[in-house]
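J.: UniProt numbering puts the first residue of the sequence shown at 1, with every later residue one more than the last. Backbone N, C-alpha and C fix where the C-beta goes; we use that ideal spot for every residue, glycine too.
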Amino acid sequence: MARENLTYVLAERPEGDIIPGKTFKAQRGPAPTADDLKDGEILVEALYLSLDPAMRPSLNDARSYVPPVAIGEKMRGTALSRVLASRNPAAKPGDLVTAMCGWTEVAVVGAKSFEVVPLPPTGARPTDAIGVLGLTGLTAYFGLLRIGDPKPGDTVVVSGAAGATGSVVGQIAKLKGARVVGIAGSDDKCAWLRDELGFDVALNYRSPDFARELRDATPDFVNVYFDNVGGEILEAALSRAATHARFVMCGSISMYNAGGAVKGIRNLSQVITQRIRMEGLIVFDFAPEYAEARRELGQWLAEGKIKRKETIVKGGLPEAEKAISQLFEGKNQGKLMVEVKPLDEAGDASRL
Numbered sequence: 001m002a003r004e005n006l007t008y009v010l011a012e013r014p015e016g017d018i019i020p021g022k023t024f025k026a027q028r029g030p031a032p033t034a035d036d037l038k039d040g041e042i043l044v045e046a047l048y049l050s051l052d053p054a055m056r057p058s059l060n061d062a063r064s065y066v067p068p069v070a071i072g073e074k075m076r077g078t079a080l081s082r083v084l085a086s087r088n089p090a091a092k093p094g095d096l097v098t099a100m101c102g103w104t105e106v107a108v109v110g111a112k113s114f115e116v117v118p119l120p121p122t123g124a125r126p127t128d129a130i131g132v133l134g135l136t137g138l139t140a141y142f143g144l145l146r147i148g149d150p151k152p153g154d155t156v157v158v159s160g161a162a163g164a165t166g167s168v169v170g171q172i173a174k175l176k177g178a179r180v181v182g183i184a185g186s187d188d189k190c191a192w193l194r195d196e197l198g199f200d201v202a203l204n205y206r207s208p209d210f211a212r213e214l215r216d217a218t219p220d221f222v223n224v225y226f227d228n229v230g231g232e233i234l235e236a237a238l239s240r241a242a243t244h245a246r247f248v249m250c251g252s253i254s255m256y257n258a259g260g261a262v263k264g265i266r267n268l269s270q271v272i273t274q275r276i277r278m279e280g281l282i283v284f285d286f287a288p289e290y291a292e293a294r295r296e297l298g299q300w301l302a303e304g305k306i307k308r309k310e311t312i313v314k315g316g317l318p319e320a321e322k323a324i325s326q327l328f329e330g331k332n333q334g335k336l337m338v339e340v341k342p343l344d345e346a347g348d349a350s351r352l
């Protein structure tokens, strides 16, 4: 009897928030099998689906670095997956891979759309392949070190600091000798940043005195700003920018669900007066250097110099369309993912 497969496709473009049961449509049908494979392809089952802020703008019919998801197209996404069958010499059945398989349980994946998960360093776990050792960690690494270029003694400010990328950015900045100020959305998150991750200062942007607190936390102004949220917090950072500051433009999560209510930045003239360099970050631009970055991130992880936290939503793939809202409501800490199928139910994991 053929295995049933669950897939989520885009039903309509959201004007604001993603609405479970409306934005996406569940489709059930026979799962692909090994007989469907062509040379170079692998068959995978998804285990842990990565949920990332960039998924939201991919639903808009707008020009970006990749075409938007089409109506009726499978929702895009990357998952830690297990290989079920292979016609690619790089992977064999039982291997764990990170696969751009989309929101589905079983998928055929092409040669350019997966990476075999290497033996993890000491202290790592399989899910780190879609977190601190995956695109999340790589985004933090290249964005901070290549664009931000922090120097010892610099003040580095990170928005969305309790998220998957921001939390790694701040820790790397500390390793490079910077003074780090993190901005997050709750007192608990701020305590985590200070007490566990070693941030020098952590500010709750919901505080009525946030502007003053940011001013007090940056007496020598901001040399590097790593922007994950955009909007009013970007404005606040611009107001505290040092001359020749570097602004790493990674995300605008505060604006992704705003629809037509997005307001412009009112103090953009700071870029001129302070000679600020603002540069957009797309991690794929650094693909040839991933291996070296993973090596260094893995070493830091093994040595306990960087820590990570995961928010894992259980209940299978149907939870994805509900769980993704956590990113925009500030409910997650660290890396957000959905457990499609537990690793211990997914066959031999002896390689790990």
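Under 8 Å: do the region 101-110 and the region 39-56 share three or more Cβ pairs, one atom per stretch?
T.: Segments in contact, yes.
J.: Ignoring anything shorter than 3 residues or poking outside the region 197-260, list the beta strand (DSSP E) runs there in chain order.
T.: Within the region 197-260, the complete beta strand (DSSP E) runs of at least 3 residues are 201-204, 222-227 and 241-249.
J.: Between which residues of its own chain and L203 is the CB-CB distance below 8 Å, once the five residues before and five after are set aside?
T.: The residue given as residue 203 occupies position 203 in the sequence shown. Around L203: V181, G182, I183, A184, C190, F210, E213, L214 and A217.
J.: So with Cβ pairs under 7 Å, would you call A70 a contact of chain C?
T.: This model lacks chain C altogether, as it is built from one protein chain only.
J.: Thinking just about the alpha-carbon of each residue, which of P150, R277, A293 and V222 is nearest to the one in L135?
T.: Your numbering for residue 135 matches position 135 in the sequence shown. Per the Cα distances, A293.
J.: Is any non-hydrogen atom of the ligand NAD found closer than 6 Å to the C-beta of T23, if you look at the structure I gave you?
T.: In terms of ligand content, the structure shown is empty, and the ligand NAD therefore cannot be addressed.
J.: Within a Cβ cutoff of 7 Å, which residues of the same chain sit near G131, ignoring the five residues on either side of it in sequence?
T.: Here residue 131 refers to the residue found at position 131 when the sequence shown is read from its first residue. Answer for G131: G137, A164, R308, E310 and K335, listed in chain order.
J.: What number of angstroms, rounded off, separates the C-alpha of V9 from the C-alpha of G77?
T.: In the sequence shown, the residue the question calls residue 9 occupies position 9. In the sequence shown, the residue the question calls residue 77 occupies position 77. Straight-line Cα distance between these residues: approximately 12 Å.
J.: Given this structure, state the Cα-to-Cα distance separating A129 from F142, to the nearest angstrom.
T.: If you number the sequence shown from 1, residue 129 lands on position 129. If you number the sequence shown from 1, residue 142 lands on position 142. Approximately 17 Å, taken between the alpha carbons.
J.: With a 10 Å radius around its C-beta and 16 neighbouring C-beta atoms as the bar for buried, classify A62 as buried or exposed.
T.: As a position in the sequence shown, residue 62 is number 62, starting the count at 1. Counting Cβ neighbours within 10 Å, A62 comes out exposed, since fewer than 16 surround it.
J.: Can you tell me whether Y65 is buried or exposed? The criterion is at least 16 other CB atoms within 10 Å of its CB, across all chains shown.
T.: As a position in the sequence shown, residue 65 is number 65, starting the count at 1. By the neighbour-count rule (16 or more Cβ atoms within 10 Å), Y65 is not buried but exposed.
J.: Under DSSP, the beta strand (DSSP E) around A293 begins and ends at which residues?
T.: As a working note, residue 293 is residue 293 in the sequence shown. Careful: A293 lies outside any beta strand (DSSP E), inside the alpha helix (DSSP H) at Y290 to A302.
J.: Using a threshold of 7 Å, state whether the C-beta atoms of D95 and V116 are closer than that.
T.: The residue labelled residue 95 in the question sits at position 95 within the sequence shown. The residue labelled residue 116 in the question sits at position 116 within the sequence shown. Yes. Within cutoff.
J.: Tell me the residue span of the alpha helix (DSSP H) that contains R194.
T.: Along the sequence shown, read from residue 1 onward, the residue named residue 194 stands at position 194. D187 to D195 is the span of the alpha helix (DSSP H), which, as asked, contains R194.
J.: Could you work out which residue in E296, I282, V338 and L193 is closest to G316 when comparing CA atoms only?
T.: One-based indexing of the sequence shown puts residue 316 at position 316. Minimum Cα distance to G316 is reached at V338.
J.: What three-state label does DSSP hand V156 in the structure shown?
T.: Taking the sequence shown and counting its residues from 1, one reaches residue 156 at position 156. V156: strand per DSSP, three-state reduction.
J.: Return the Cβ separation of E12 and A31 in integer angstroms, given the expectation that the two are a contact with Cβ distance under 8 Å.
T.: In the sequence shown, the residue the question calls residue 12 occupies position 12. In the sequence shown, the residue the question calls residue 31 occupies position 31. No, E12 and A31 are not in contact; Cβ-Cβ is about 26 Å, not under 8 Å.
J.: Given this structure, state the Cα-to-Cα distance separating Q270 from L234, to the nearest angstrom.
T.: As a first step, residue 270 must be located in the sequence shown, where it is residue number 270. As a first step, residue 234 must be located in the sequence shown, where it is residue number 234. Cα-Cα distance, rounded: 11 Å.
J.: Which residue comes first and which comes last in the alpha helix (DSSP H) that contains G280?
T.: Here residue 280 refers to the residue found at position 280 of the sequence shown. From DSSP, G280 is part of no alpha helix (DSSP H) but of the beta strand (DSSP E) over R277 to G280.
J.: Report the partner residues of V97 according to the DSSP bridge assignment.
T.: Translated into the one-based positions of the sequence shown, residue 97 becomes position 97. Answer is S81 and V116, bridged to V97.
J.: Would you say N223 and T155 are within 7 Å of each other, going by their C-beta atoms?
T.: For the purposes of this step, residue 223 is taken as the residue at position 223 of the sequence shown. For the purposes of this step, residue 155 is taken as the residue at position 155 of the sequence shown. Contact flag set, yes.
J.: Please return the same chain residues whose Cβ sits closer than 6 Å to the Cβ of E321, not counting the five positions on each side in sequence.
T.: Looking up residue 321 in the sequence shown gives position 321. So the list reads P20 and F24, once near-sequence residues are dropped.
J.: Distance, Cα to Cα, L238 vs Q274?
T.: Against the sequence shown, residue 238 aligns to sequence position 238. Against the sequence shown, residue 274 aligns to sequence position 274. Computed Cα separation, rounded: 9 Å.
J.: For my contact list, residue 356 and G148 are in at a C-beta cut-off of 8 Å; report their separation, rounded to the angstrom.
T.: The structure shown does not extend to residue 356, since the chain is modelled only from 1 through 352, so no value can be given for it.
J.: How many Å lie between S50 and L80 at the Cα?
T.: Indexing the sequence shown from 1 puts residue 50 at position 50. Indexing the sequence shown from 1 puts residue 80 at position 80. Rounded to whole angstroms, S50 to L80 spans 8 Å at the Cα level.
J.: Should S207 be labelled buried (16 or more other beta-carbon atoms within 10 Å of its own) or exposed?
T.: Locating residue 207 in the sequence shown gives position 207, where the first residue counts as 1. It is exposed - the Cβ of S207 has fewer than 16 other Cβ atoms within 10 Å.
J.: So A140 and G298 are supposed to be a Cβ contact under 8 Å. How far apart are they, rounded?
T.: As a first step, residue 140 is located in the sequence shown; it is residue number 140 there, counting from the start. As a first step, residue 298 is located in the sequence shown; it is residue number 298 there, counting from the start. Incorrect: roughly 14 Å between the Cβ atoms, too far for contact.
J.: Work out the CA separation of A99 and R240 for me, nearest whole Å.
T.: Position 240 of the sequence shown holds residue 240. Position 99 of the sequence shown holds residue 99. Distance between the alpha carbons of R240 and A99: 41 Å.
J.: Rounded to whole angstroms, what's the CA-CA distance from K305 to S167? Just pull it up for me.
T.: On the sequence shown, position 305 is the one that residue 305 refers to. On the sequence shown, position 167 is the one that residue 167 refers to. Roughly 13 Å between the two C-alpha positions.
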